[in-house]
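Peer 1: If you read the sequences in order, they're chains A and B.
Just so you know, my numbering puts 180 at position 180 of the first sequence, and the rest follows in order with no gaps.
Just so you know, my numbering puts 46 at position 46 of the second sequence, and the rest follows in order with no gaps.
Backbone N, C-alpha and C define an ideal beta-carbon position, used for all residues, glycine too.
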Amino acid sequence: MKKVDHKKALAERLSARLGRRAVLKGMGAGLLTAAASTGAPGIARAQQSGHLKIASIKVIDTLDPHFTGFLSAIQIINNIHNGLLKIAYDGTNVTFEPDLAETWDLEDDKTHVFKLREGVMFHDGTPCNAEAVKFSLLRVKEGEPKSPHAWKLELLDEIEIVDDLTVKLHFSQPYAFLPVALNGSTGRAGTIVSPAAVQKYGADYGRNPVGTGPFKFVSWRENDAIELEANTEYFEEGMPKLERVTFVLMNEASTALAALMAGQIDGMTDCPMQLVDQVDAFPNAKLYGEIEGNYTFVGMNCARAPFDDINLRRAVAWALDRETLVKQAYFGRAQQAYTPISPPMTDFFDPDIATSGRGQWFDLEKAKEFRAKAANQGEVEVTYMMAERGPVGTRVAQTVAPMLAQIGIKANLELIEPAAWVKRRNEGDFDLYDFEWVADLDPDETLYPEFRSDGAWNFGKWVNTEFDELCAQAQVVLETEARKELYYKAEDLLMDEAAIAVMAHMPIYKVFSNKVQGFEYIPADLVNLHTVSLA
Amino acid sequence: MWGQALGKIAQTLVVLFVVSVASFGLLKLAPGDPIQIMLGSEFSQEAYDSLTAELGLDQPFLAQYADWAVRFVQGDWGTSYVARTDIFTYAFKEALPVTLTLASFSLAFAILIGVPLGVLSAVKKDTAFDAGAAVLALTGTAFPSFLLGILLIWFFAVKMQLFPVMGYVSPWQDFWGGIYHMILPGLTLSTYFIAMITRLTRATLIEVMEQPYIAAARARGEPSWRVIWVHGVRNIAMPLVTILGLQLGVLLQGTVLTETVFNLPGIGQMLTSAVLGREYMVVQAGVMMTATLFIGVNLLVDLSYPVLDPRLRTRK
Chain A
1 MKKVDHKKAL
11 AERLSARLGR
21 RAVLKGMGAG
31 LLTAAASTGA
41 PGIARAQQSG
51 HLKIASIKVI
61 DTLDPHFTGF
71 LSAIQIINNI
81 HNGLLKIAYD
91 GTNVTFEPDL
101 AETWDLEDDK
111 THVFKLREGV
121 MFHDGTPCNA
131 EAVKFSLLRV
141 KEGEPKSPHA
151 WKLELLDEIE
161 IVDDLTVKLH
171 FSQPYAFLPV
181 ALNGSTGRAG
191 TIVSPAAVQK
201 YGADYGRNPV
211 GTGPFKFVSW
221 RENDAIELEA
231 NTEYFEEGMP
241 KLERVTFVLM
251 NEASTALAAL
261 MAGQIDGMTD
271 CPMQLVDQVD
281 AFPNAKLYGE
291 IEGNYTFVGM
301 NCARAPFDDI
311 NLRRAVAWAL
321 DRETLVKQAY
331 FGRAQQAYTP
341 ISPPMTDFFD
351 PDIATSGRGQ
361 WFDLEKAKEF
371 RAKAANQGEV
381 EVTYMMAERG
391 PVGTRVAQTV
401 APMLAQIGIK
411 ANLELIEPAA
421 WVKRRNEGDF
431 DLYDFEWVAD
441 LDPDETLYPE
451 FRSDGAWNFG
461 KWVNTEFDEL
471 CAQAQVVLET
481 EARKELYYKA
491 EDLLMDEAAI
501 AVMAHMPIYK
511 VFSNKVQGFE
521 YIPADLVNLH
531 TVSLA
Chain B
1 MWGQALGKIA
11 QTLVVLFVVS
21 VASFGLLKLA
31 PGDPIQIMLG
41 SEFSQEAYDS
51 LTAELGLDQP
61 FLAQYADWAV
71 RFVQGDWGTS
81 YVARTDIFTY
91 AFKEALPVTL
101 TLASFSLAFA
111 ILIGVPLGVL
121 SAVKKDTAFD
131 AGAAVLALTG
141 TAFPSFLLGI
151 LLIWFFAVKM
161 QLFPVMGYVS
171 PWQDFWGGIY
181 HMILPGLTLS
191 TYFIAMITRL
201 TRATLIEVME
211 QPYIAAARAR
221 GEPSWRVIWV
231 HGVRNIAMPL
241 VTILGLQLGV
251 LLQGTVLTET
261 VFNLPGIGQM
271 LTSAVLGREY
281 MVVQAGVMMT
291 ATLFIGVNLL
301 VDLSYPVLDP
311 RLRTRK
């Protein structure tokens, strides 16, 4: 392999933003927002005002960034904490920028140096320094109880404290996934928590989170509300603009929409697709949303009959009419997927994928050809496990079943409740099911843990060692083009052997009333409120 | 009388014990695993095992039950798995008052609207008013409460902006604010009971009005309103109280949907999210509270008979 220029690799990762950063550096922090907001950058402290009430209609498990499994929790966590890196979006490109770090350099392809911002304090008054960074990373990597995100730092060998504000991370291999792992949002592993607070609260840190973020945690009343207040010492100048934020915890999305229309709340962290038309017709609110880093699929159990038969799987993959699915299951709002890699991964997604000949799409003739090669030529009867879960509930299953009937597969739809569904999926007790992997920012998290032969989330038990090797190689290649090629090869194997039948990339929506200004949308299901103000 | 009461209380305790064992067992039998739900989609086997051990879910069933029961009686209801919140505070101090407020409002609505409507129907038997009330009552019983709730929200809260869409304000802290927030949910939950009480009042009152003591009262020349509201209505109190006690279960069921639609942080919402998340301890606390409430109210109903009807008082 040719020698990698790691400086160039880093520059690529920071993308076109680098030029603008250099210009804005002199103005201090908050470059993006400084450029976007009307206020003059460089004012001493923000004058906070306004109380934003925003509905959160999904389960929130814990506000501990190192232990949560839910995006709805991260939406709130991300307003309380910062990461070493953060996700930025300029309307076309997703990039990773230093957040708590002031600079991020590659010493060689395995050693990353982060210089921290000076004078940043946690909400409990303790300093956010190199020690705190080391503490947080170790808590994820080898803490007790074990963090579900520990695998993201598996390759991290040593954390060296150079001085009070400089940390050097030594990895055992070049680690291409690092920008995602070390950001404070959906990566979670790089979120920095207050060591003093973790020691004080122990397992209850998730009810008493203490970070460096624009808002401080105030209270969490079960099934009622999570309250935050402005951190007046926040390091990004002029932020936050709001004085208080209340996340109103709700179960019923239509009630949340009614409350928004009546002016009782100012927004929703998530707007289900079936309500989007109503929001569109309502003049006093604005919808934010684009196709995000996700893909939906019909999963097949490759470990047992009948879907241990590759030709039967291929028949399913080619029999799904994605256009109809998008229209009927996803309210016409999703985008047909050909492979798992999704549009926001701008370095890896092929905008011309529809005509590239790669991936899976609807071709009934081809499906019937594969079906004719299948071992079982009689009617195949299978169980399709579904639950009232996910963004569209049981709609996918109901749309897919008649499509399968056309190729002689009788799918018995079995409706079970979500907890039982999760258990059976994890135990591999199903023939068919549909699911979605969401908020992916890098092909590694899109492909590797899901389809690696011994992967924890490889519920369909598809085994292909060539695929494993390609993904493992791609993890340690820093150059984007070379990485992309490896992932394309891996994807081609996955799609050809039809471990899944890929369906769609979904838009994820948020709604804010017109009073809410300055919200910066990021296609990773985040609700960052530091730039938001109320008119 | 006290001996009778003590016997009934002892019965109550036995029933509560049976309820606790049954619900504890049923929850364990239900498919679904709290650990998998807690860890979301991204977790390793080690994380799974260490959490299982930490929560004591690797212990045998009886050991788990005994451990829970001893602590429960002492007021230590444990900590919820996912949210790490103290269950006693959450269930008893936060959720229960909300549900009690909602249930009281609905009962009040049911009695204040249902009884007069029933009395008028009985008095104006077989008139257009009676027929109208009958149609209303039938609709009320048949109409699903969650749909009514959503319709009320859209009409009174969104279109007319008369009431808030959702939320709970404690009437102990802000009396009028509390009432203001409870009108729509209270009405939603009470439609079924308004209808039921109207029909029951009408039927029993018609019967009562044919009794000799009513004729006697009329013969004494008492004014008509006094005959109806004092002599008549007083005598329908007993069947009314009995039915209300028995139907309390239906009312508590109804709070689940009503609380969800109006986003009230009560026991109904608590139970829904706890069941879906397999929060065994929270479900158990909720079941015990509702069972106690149901049995307790029926105990009170039993004990109230001698008060309502002097003929039932035991003589020395």
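#1: Output needed in chain order: residues of the segment 179 to 208 of chain A with a Cβ under 8 angstroms from some Cβ in chain B.
#2: Return the first residue and the last residue of the alpha helix (DSSP H) that B:Ser106 is part of.
#3: Which bits of chain A does B:Ser50 rub up against, with CB to CB less than 7 angstroms?
#4: Apart from the five residues just before and just after A:Tyr175, which ones in its own chain have a Cβ nearer than 6 angstroms to its Cβ?
#5: Of all the residues that make up the segment 157 to 176 of chain B, which are near chain A by a beta-carbon distance shorter than 8 angstroms?
#6: Mapping the DSSP letters down to three states, classify A:Pro127 as helix, strand or coil.
#7: Between which two residues does the beta strand (DSSP E) harbouring A:Tyr433 extend?
#8: Which residue's Cα is closest to the Cα of A:Leu165: A:Glu118, A:Lys484, A:Ala203 and A:Val198?
#9: Among the residues of its own chain, which have a CB less than 6 angstroms from the CB of B:Ala157, if the five just before and after it don't count?
#10: What first and last residue would you give for the beta strand (DSSP E) that runs through A:Val248?
#11: What number of angstroms, rounded off, separates the C-alpha of B:Ile295 from the C-alpha of A:Val527?
#12: Can you find at least 3 beta carbon pairs, one from the segment 469 to 489 of chain A and one from the segment 173 to 191 of chain A, that sit closer than 8 angstroms?
#13: If A:Arg207 and B:Thr85 are in contact, beta carbons under 8 angstroms, what's the gap, nearest whole angstrom?
#14: Starting from the N-terminal side, write out each stretch of the beta strand (DSSP E) that is 3 residues or longer and does not extend beyond the segment 372 to 415 of chain A.
#15: Can you tell which of B:Val282, B:Pro171 and B:Ser304 has the C-alpha that lies nearest to the C-alpha of B:Lys8?
#16: Does the segment 189 to 196 of chain B come close enough to the segment 141 to 151 of chain B to have 3 or more Cβ pairs within less than 8 angstroms?
#17: At a CB-CB cut-off below 8 angstroms, which residues of chain B make contact with A:Asn251?
#18: Cutting at 6 angstroms between CB atoms, please list the residues of its own chain near B:Leu312, excluding the five before and the five after it.
#19: Using the rule of at least 16 other Cβ atoms within 10 Å of the residue's Cβ for burial, across every protein chain shown, is A:Ala40 buried or exposed?
#20: Would A:Asn294 count as contacting chain D if we go by Cβ distances under 9 angstroms?
#21: Classify A:Leu275: buried if its beta carbon has 16 or more other beta carbons within 10 angstroms, exposed otherwise.
#22: Given a limit of 7 angstroms on CB to CB distance, which residues of the segment 258 to 275 of chain A reach chain B?
#23: In chain B, what lies closer than 7 angstroms to A:Lys423 by C-beta?
#24: Using a beta-carbon distance cut-off of less than 8 angstroms, what residues from the segment 78 to 112 of chain B approach chain A?
#25: Here's the rule: buried if 16 or more other CB atoms are within 10 angstroms of the residue's CB, otherwise exposed. What is A:Lys200?
#26: So with CB distances below 8 angstroms, who are the chain B contacts of A:Ala420?
#27: Kindly indicate which residue of A:Val463, A:Asn79, A:Gln75 and A:Arg425 has the alpha-carbon position closest to the one of A:Gly211.
#28: Which of the three DSSP states, helix, strand or coil, is assigned to A:Asn183?
#29: Check whether the Cβ atoms of A:Gly187 and A:Asn82 sit closer than 9 angstroms, and answer yes or no.
#30: At least one CB of chain B closer than 9 angstroms to the CB of A:Thr394: is that the case?
#31: Could you tell me the distance, in whole angstroms, from the CA atom of A:Leu529 to the CA atom of A:Val198?
#32: Please check if any C-beta of chain B sits within less than 9 angstroms of the C-beta of A:Thr111.
#33: In this structure, how does DSSP classify B:His181 when only helix, strand and coil are distinguished?
#34: Quick one: grab the DSSP three-state call for B:Leu308.
#35: For the alpha helix (DSSP H) that contains B:Trp77, what are its first and last residues?
#36: According to the Cβ coordinates, are A:Trp437 and A:Ala387 closer than 9 angstroms?
Peer 2: Reading from the atomic positions:
#1: Going along the segment 179 to 208 of chain A in chain order, one finds Ala203, Asp204, Gly206 and Arg207 with a Cβ nearer than 8 angstroms to chain B.
#2: Residue 106 of chain B sits at position 106 when you count from the first residue of the second sequence. It spans Leu96 to Val123 - the alpha helix (DSSP H) in which B:Ser106 sits, taken as one unbroken run.
#3: Residue mapping note: residue 50 of chain B aligns to position 50 of the second sequence, counting from 1. Under the 7 angstroms cutoff, chain A gives Pro145 and Lys146.
#4: Residue mapping note: residue 175 of chain A aligns to position 175 of the first sequence, counting from 1. The beta carbon of A:Tyr175 is closer than 6 angstroms to those of Leu155 in its chain, skipping five residues each way along the sequence.
#5: Those would be Ala157, Val158, Gln161, Pro164, Val165, Met166, Gly167 and Tyr168, in chain order.
#6: Position 127 of the first sequence, counted from the first residue, corresponds to residue 127 of chain A. In the three-state reduction of the DSSP assignment, A:Pro127 falls in the strand class.
#7: Residue mapping note: residue 433 of chain A aligns to position 433 of the first sequence, counting from 1. First-last of the beta strand (DSSP E) with A:Tyr433: Leu432 to Trp437.
#8: Here residue 165 of chain A refers to the residue found at position 165 of the first sequence. Of the candidates A:Glu118, A:Lys484, A:Ala203 and A:Val198, the one whose C-alpha sits nearest the C-alpha of A:Leu165 is A:Glu118.
#9: Looking up residue 157 of chain B in the second sequence gives position 157. Here the set comprises Phe163 and Val165.
#10: In the first sequence, the residue the question calls residue 248 of chain A occupies position 248. From DSSP, the beta strand (DSSP E) with A:Val248 extends over Arg244 to Leu249.
#11: Numbered from its first residue, the second sequence carries residue 295 of chain B at position 295. Numbered from its first residue, the first sequence carries residue 527 of chain A at position 527. Whole-angstrom Cα-Cα distance: 46 angstroms.
#12: Yes: the two stretches touch, three or more of their Cβ pairs being nearer than 8 angstroms.
#13: The sequence position of residue 207 of chain A within the first sequence is 207, counting from 1. The sequence position of residue 85 of chain B within the second sequence is 85, counting from 1. Rounded, the Cβ-Cβ distance is 7 angstroms, consistent with contact.
#14: Within the segment 372 to 415 of chain A, the complete beta strand (DSSP E) runs of at least 3 residues are 380 to 386 and 409 to 415.
#15: Reading the second sequence from its first residue, position 8 is the one you call residue 8 of chain B. Ranked by Cα distance from B:Lys8, the options B:Val282, B:Pro171 and B:Ser304 are led by B:Ser304.
#16: Cβ pair count under 8 angstroms is three or more, so yes.
#17: Position 251 of the first sequence, counted from the first residue, corresponds to residue 251 of chain A. Going along chain B in sequence order, the residues near A:Asn251 (Cβ under 8 angstroms) are Thr260, Asn263, Gln269, Thr272 and Ser273.
#18: Counted from its first residue, the second sequence places residue 312 of chain B at position 312. The answer, listed in chain order, is Tyr305 and Pro306.
#19: Within the first sequence, numbered from 1, the residue matching residue 40 of chain A stands at position 40. Below a pLDDT of 50, predicted positions are generally treated as unreliable, and A:Ala40, at 38, falls in that range; no measurement from the model is reported.
#20: Considering every chain present, this structure includes no chain D. Its protein chains are A and B.
#21: If you number the first sequence from 1, residue 275 of chain A lands on position 275. Buried.
#22: For chain B, the residues of the segment 258 to 275 of chain A that bring a beta carbon within less than 7 angstroms of one of its beta carbons are Ala258, Ala259, Met261, Ala262 and Gln264, in chain order.
#23: As a position in the first sequence, residue 423 of chain A is number 423, starting the count at 1. Those are Pro31, Gly32, Asp33 and Gln36, listed as they occur along chain B.
#24: Cβ contacts with chain A come from Val82, Ala83, Arg84, Thr85, Tyr90, Glu94 and Ala95.
#25: As a position in the first sequence, residue 200 of chain A is number 200, starting the count at 1. With fewer than 16 neighbouring CB atoms inside 10 Å of its own CB, A:Lys200 falls in the exposed class.
#26: If you number the first sequence from 1, residue 420 of chain A lands on position 420. The answer, in chain order, is Ala30, Pro31 and Gly32.
#27: For this step, residue 211 of chain A is matched to residue 211 along the first sequence. Of A:Val463, A:Asn79, A:Gln75 and A:Arg425, the residue nearest in Cα terms is A:Asn79.
#28: For this step, residue 183 of chain A is matched to residue 183 along the first sequence. A:Asn183 carries a strand assignment under DSSP once its states are collapsed to helix, strand and coil.
#29: Start at 1 with the first residue of the first sequence, and residue 187 of chain A comes out as number 187. Start at 1 with the first residue of the first sequence, and residue 82 of chain A comes out as number 82. No; because the gap between Cβ atoms is not below 9 angstroms, this pair is not in contact.
#30: As a working mapping, residue 394 of chain A is identified with position 394 in the first sequence. Judged by the 9 angstroms Cβ criterion, A:Thr394 is not in contact with chain B.
#31: For the purposes of this step, residue 529 of chain A is taken as the residue at position 529 of the first sequence. For the purposes of this step, residue 198 of chain A is taken as the residue at position 198 of the first sequence. If you draw a straight line from the Cα of A:Leu529 to the Cα of A:Val198, it is about 25 angstroms long.
#32: One-based indexing of the first sequence puts residue 111 of chain A at position 111. Against chain B, the CB of A:Thr111 has no partner CB under 9 angstroms away; the residue lies outside that interface.
#33: Walking along the second sequence from the start, residue 181 of chain B turns up at place 181. B:His181 falls in the helix class under three-state DSSP.
#34: The residue labelled residue 308 of chain B in the question sits at position 308 within the second sequence. In this structure, B:Leu308 counts as helix in the three-state DSSP scheme.
#35: Residue mapping note: residue 77 of chain B aligns to position 77 of the second sequence, counting from 1. First-last for B:Trp77: undefined, no H or E at that position.
#36: Counted from its first residue, the first sequence places residue 437 of chain A at position 437. Counted from its first residue, the first sequence places residue 387 of chain A at position 387. Result no, Cβ atoms of A:Trp437 and A:Ala387 do not sit closer than 9 angstroms.
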